[in-house]
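>
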Amino acid sequence: MSDMNLDKTAQSILVENDQGGYTIPTKGLYPYQWNWDSVFVALGFATFDQDRAWREIEMLFEGQWRDGMVPHILFRKDDPSYFPGPKVWGTDGGPIPSSGHSQPPVAATVVRDLVEGDRSGKALERARALLPKLMAWHRWYLAYRDPQDLGVLAVMHPWESGRDNLPDWDEALRAVEIRDVEPYVRKDTSHVDPSMRPHKDDYDRYLSIVAAGRKAGWDPEKVAATCPFFVADPGVTFIFLRANRDLLKVAEALGADAEAKEIRGWIQKMEKGATTLWNEDLKAHVARDLRSGKLTDGISSASFLALYAGLTDEPVLSSLQGHFDRIASKVRYLMPSYDPDHRSYEPLRYWRGPVWAMINYMIARGFADAGDASRAERMRADTEALIETGGFAEYFSPESGTGAGGGAFSWTAAIWLTWASPSRADQAA
Ligand code: GLC
22 MSDMNLDKTA
32 QSILVENDQG
42 GYTIPTKGLY
52 PYQWNWDSVF
62 VALGFATFDQ
72 DRAWREIEML
82 FEGQWRDGMV
92 PHILFRKDDP
102 SYFPGPKVWG
112 TDGGPIPSSG
122 HSQPPVAATV
132 VRDLVEGDRS
142 GKALERARAL
152 LPKLMAWHRW
162 YLAYRDPQDL
172 GVLAVMHPWE
182 SGRDNLPDWD
192 EALRAVEIRD
202 VEPYVRKDTS
212 HVDPSMRPHK
222 DDYDRYLSIV
232 AAGRKAGWDP
242 EKVAATCPFF
252 VADPGVTFIF
262 LRANRDLLKV
272 AEALGADAEA
282 KEIRGWIQKM
292 EKGATTLWNE
302 DLKAHVARDL
312 RSGKLTDGIS
322 SASFLALYAG
332 LTDEPVLSSL
342 QGHFDRIASK
352 VRYLMPSYDP
362 DHRSYEPLRY
372 WRGPVWAMIN
382 YMIARGFADA
392 GDASRAERMR
402 ADTEALIETG
412 GFAEYFSPES
422 GTGAGGGAFS
432 WTAAIWLTWA
442 SPSRADQAA
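Every number in the working numbering is 21 more than the matching position in the sequence shown, counting from 1.
#1: Quick one: Cα of residue 174 to Cα of residue 163, how far?
#2: Quick one: does the C-beta of residue 124 sit closer than 8 Å to a heavy atom of ligand 1?
#3: I need the straight-line Cα distance from residue 77 to residue 56, nearest angstrom please.
#4: How is the alpha helix (DSSP H) around residue 195 delimited, first residue to last?
#5: For ligand 1, list every residue whose C-beta falls under 5 Å from any of its heavy atoms, going in chain order.
#6: To the nearest angstrom, how far is it from the Cα of residue 28 to the Cα of residue 22?
#7: How would you call residue 381, buried or exposed, if buried means at least 16 neighbouring beta carbons within 10 angstroms?
#8: Taking C-alpha atoms, which residue in 377, 425, 403 lies nearest to residue 432?
#9: Among the residues of its own chain, which have a CB less than 8 Å from the CB of residue 285, if the five just before and after it don't count?
#10: So the candidates are 152, 136, 33, 417; which of them puts its Cα closest to the Cα of residue 277?
#11: Quick check on residue 95: does DSSP put it in helix, strand or coil?
#12: Could you name the residues of the same chain whose beta carbon sits closer than 6 Å to that of residue 201, not counting the 5 residues immediately before and after it, in chain order?
#13: DSSP state of residue 319, grouped into three classes?
#14: Can you give the Cα-Cα distance for residue 75 and residue 147, rounded to whole angstroms?
#15: Within 10 Å of its beta-carbon, does residue 206 have 16 or more other beta-carbons around it, so buried, or fewer, so exposed?
#16: Which class does residue 340 belong to by DSSP, given the choice of helix, strand or coil?
#17: Quick one: which unbroken alpha helix (DSSP H) runs of 4-plus residues sit fully inside the segment 242-285? Chain order, please.
#18: Considering residue 147, what are the terminal residues of the alpha helix (DSSP H) in which it resides?
#19: Relative to the alpha-carbon of residue 192, which residue among 223, 171, 166 has its alpha-carbon at the smallest distance?
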């Protein structure tokens, strides 16, 4: 298919996955609104319908909880083809049935992008309405996912990281006792090949953590104190640090001085805190289990997001450039979600090796911001080639380029439209 046709296909994927103001990730496998999926989707819509792009984010915030949390899934209507649904989560923190934890906070970054790319003259008004909601969400993250004020954010569930079965979670997950799990039937493995999905044993533990959240009544303070899984995640931490820098720009553009001052304090704290995730042996940032204090021993695609977070000082930049080149000599397509030199790497199992388009996009932005245009372009070219070879798949093999998981996937289409498509790159040049 020519790239022009791919542009059209990508648009039609978004339009077809549109449920009337919000977009599902893909039909069958993921029939609800997912948090960071929606935010990336907004970038795709913005290339042909800016009003619709804002709508996507506004509808996500309709599900915001009273305590400020923006949930990872909004169950706007019941769909028995998905498990675990609203009954298993048992939440009542917000106006729309939802899961009980959050997902990576990319929204402020995209709100800034929408403001800066605006052609309607109405963007600032829409950003003004979102500012208090974004502030409340960011405050929630700091209060309940960094209760010790370390300057790094933890996830209370692997799903909160958005990188579900990442090897970084293995050890902390093994320590989770399997309990309070009713007999259940998974639905994911009836939609896609089980060899590309998490194992059953992982799933039992995922559900045990959900049960622990339910037991705590999803009270975020109790969750932080008692949850059997609480791991500082470089992915969420870096995305949040970046989001705060972007939120600061939005606040400044709106003349919101008190907010801007508050955000500057957050940025300072996070810049310091991020150093505690640095693994000196690996020369990269990794995860830290906050229950055991242990750092993990592998490089994930999120290690590269240090640059996206603005942490470009030495030795971070040159170490990441070195890892980039090493990994590029091992696999054909960048960036595998886990280091191909690590024992846990699996090229087709979800977050244990496959390439994800939206992570590539963020990594490339980081390299571009750090002044490394050639590695940024390599990321774009690889993402273009993957989509040309594997279609608008959920994720791709870094070795063969095969598309895997769900098809006609919204965020892959959105990333194509906003960045990977050569027509977009021409426009930006
Ligand atoms: C999977 C991914 C997560 C994503 C969701 C919907 O759970 O790991 O990041 O948001 O699917 O696409």
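Built from N, CA and C at the ideal position, the CB exists for glycine as well. Values in this document were obtained by computation on a predicted structure and should not be read as measured data.
Taking the geometry as given:
#1: 7 Å
#2: If you check the C-beta of residue 124 against ligand 1, you find a heavy atom less than 8 Å away.
#3: 10 Å
#4: 191-195
#5: 46, 51, 55, 58, 183, 185
#6: 10 Å
#7: buried
#8: 377
#9: 269
#10: 152
#11: strand
#12: The residues 232, in chain order, have a CB closer than 6 Å to that of residue 201 in the same chain once the five nearest residues on each side in sequence are set aside.
#13: coil
#14: 8 Å
#15: exposed
#16: If DSSP states are grouped into helix, strand and coil, residue 340 belongs with the helices.
#17: 255-274
#18: 144-165
#19: 223
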